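Numbering (the working numbering), first residue to last: 7 to 576.
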């Protein structure tokens, strides 16, 4: 016996057996433990983080599975909106919705060993009601595998053991209701993409209608399919399951924001010293810092699960909180600017989320950069997860740039789940979602738009319509750079040589449409076709002030703002 106890293989085998048993039993214990302390069906009152002292009922097992993310992994899916926590009648704050796992590990758990069945069947939807019905493409993720009245079948703890015939996997799967037959997505869109649905209706046809090629004559009783894009409904829950206390931040300066831009590379280098010095010398009170660039790379190492999965983080700003603390001590209002839908990191890391080519594969613009599809709920969730993290780190505002569809490259080859006729709806719905998600932080949310959006009556084919963007955003920043207008714009033969006239006209039209309070234009602090100096800078500022706008931002891609250094304090 002593010899056996000394044998290494004995202890190794015993350890493996114990580890296997623990892996099998622990998930069951975690799911059943709440019943040892709380009577079934008795809600436990808890404070909902981020909603003051509002109290909400917290669901007990097994319904807690319903609140979990159906895809069974840490990255966001955009499908966790099925049901939120119940609201106690005497509260007025909105209840937090279901989304990423909440931080009660003993109540919301995932088995450590990946089960044989798909994750969608490990977290079945129990009961009925309590949330909007998912569309046809999302319904399989919420399929109930339990008979009516059955308290809940937990497969995870024992799926690796031999099952008796009545509980075999084939018999269990045979009891699953067959999902409605799904038609193919639009050409070039992978089957795994979300954001579109197909509705069917049966019609008794007395022969084909004139001009209806989809319903040929003789197909009496045929089934007509209509493909349409639906607005995604991703979860409103904070990215880490709760709203953490954010670092110190500066409130919005009363009446005006006057600032300049720093890229993520510049913010993490010695160039930032020059940018801050110029801002202080001229009397600016704001700095716009790029936290996500046109490649999808972040300025810091993110804690957002999907950002870590695709490797989006960098060390350009090693300590974001210290970086912000320094700017705040100097009296600056700091805006986090993020390139939104031009996101090569996400598109290449998760190709099913990318804008596609008609022939398949990832579409790229003329610079070889990939875009993600603005119509997908998981894309929305990821982008706003990053925005929320920026507010948690202490940024004073989030600014969405590239919140549109592509404009350069082979646009005719673009395949999106969003029809061209619904692009305005898609962009406006994303901004609505972002504003609602970020509302608990009580800080402004803004968006950049093309300069022509200020005067265009339509969306220019990119989904940006001024009134729709301004409806949900606190501020809108038209990029009214005179150098970016083609010859003949607004009646000017050479718009770049007419900074006052171009900006005065563009902002005048925009102000007549949405007022001046939300307008915060981007101005030109660089030379392109014409050499700009203090005179051209002053002409732009005069046009802004004459329009009645008191806030503005200067842009220079290289971070060299020497054109501003000759100006008197603004």
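Here a beta-carbon is modelled for each residue, glycine too, at the ideal position from N, C-alpha and C. The structure displayed is predicted, hence computed values, not measured ones.
State the start and end residues of the unbroken beta strand (DSSP E) segment that holds residue i.
i           : result
residue 558 : 558-561
Can you grab the Cα-Cα spacing for the pair residue i / residue j, in whole Å?
i           : j           : result
residue 513 : residue 540 : 21 Å
residue 435 : residue 323 : 32 Å
residue 1   : residue 404 : Here the chain comprises residues numbered 7 to 576, so residue 1 is not present and cannot be evaluated.
residue 455 : residue 351 : 23 Å
residue 572 : residue 391 : 40 Å
residue 245 : residue 499 : 50 Å
residue 549 : residue 358 : 45 Å
residue 428 : residue 460 : 20 Å
residue 314 : residue 308 : 7 Å
residue 269 : residue 431 : 30 Å
residue 509 : residue 237 : 35 Å
residue 394 : residue 421 : 29 Å
residue 545 : residue 296 : 27 Å
residue 263 : residue 340 : 10 Å
residue 363 : residue 419 : 5 Å
residue 335 : residue 401 : 13 Å
residue 463 : residue 537 : 32 Å
residue 258 : residue 520 : 20 Å
residue 458 : residue 484 : 8 Å
residue 277 : residue 303 : 19 Å
residue 349 : residue 445 : 24 Å
residue 235 : residue 399 : 35 Å
residue 354 : residue 505 : 40 Å
residue 331 : residue 19  : 54 Å
residue 255 : residue 342 : 12 Å
residue 240 : residue 325 : 30 Å
residue 27  : residue 311 : 29 Å
residue 6   : residue 23  : Lying outside 7 to 576, the shown extent of the chain, residue 6 is not represented and no answer is given.
residue 577 : residue 17  : The question about residue 577 has no answer here: the residues shown for the chain are numbered 7 through 576.
residue 448 : residue 366 : 42 Å
Where do the N-terminal and C-terminal ends of the alpha helix (DSSP H) with residue i fall, by residue?
i           : result
residue 351 : 350-355
residue 306 : From DSSP, residue 306 is part of no alpha helix (DSSP H); its letter is neither H nor E.
residue 569 : 568-571
residue 270 : 270-273
Could you pull the DSSP bridge partners for residue i from this structure?
i           : result
residue 361 : Per DSSP, none; premise fails for residue 361.
residue 265 : 292 and 559
residue 482 : 453 and 525
residue 462 : Per DSSP, none; premise fails for residue 462.
residue 25  : In DSSP, residue 25 forms no bridge with anything.
residue 368 : 362
residue 298 : 304 and 344
residue 277 : DSSP, once it has assigned bridges, lists no residue as partnering residue 277.
residue 376 : 370
Just to confirm, does residue i get its C-beta within under 7 Å of one of the non-hydrogen atoms of the ligand NAD?
i           : result
residue 560 : With respect to small molecules bound, the structure shown includes none, and the ligand NAD cannot be examined in it.
Checklist line | Whole runs of the alpha helix (DSSP H) within the region 378-440, excluding any shorter than 4 residues | finding: 383-399
Checklist line | alpha helix (DSSP H) runs wholly inside the region 314-342, at least 4 long, in chain order | finding: 326-335
Notebook entry, point to check: When the Cβ atoms of the region 279-288 are set against those of the region 304-322, are three or more pairs found closer than 8 Å?
Noted result: In short, these stretches do not touch, since the Cβ pair count stays below three.
Notebook entry, point to check: On the three-pair Cβ rule with 8 Å, is the region 550-560 touching the region 522-541?
Noted result: Because the criterion of three Cβ pairs below 8 Å is met, the region 550-560 and the region 522-541 touch.
Margin query: Does the contact criterion of 3 or more C-beta pairs under 8 Å hold for the region 488-496 versus the region 462-477?
Written below: no
Check: Which runs of the beta strand (DSSP E) fall wholly inside the region 502-552 and span at least 3 residues, in chain order?
Finding: 528-530
Check: So, do the region 376-392 and the region 439-448 have three or more beta carbon pairs nearer to each other than 8 Å?
Finding: yes
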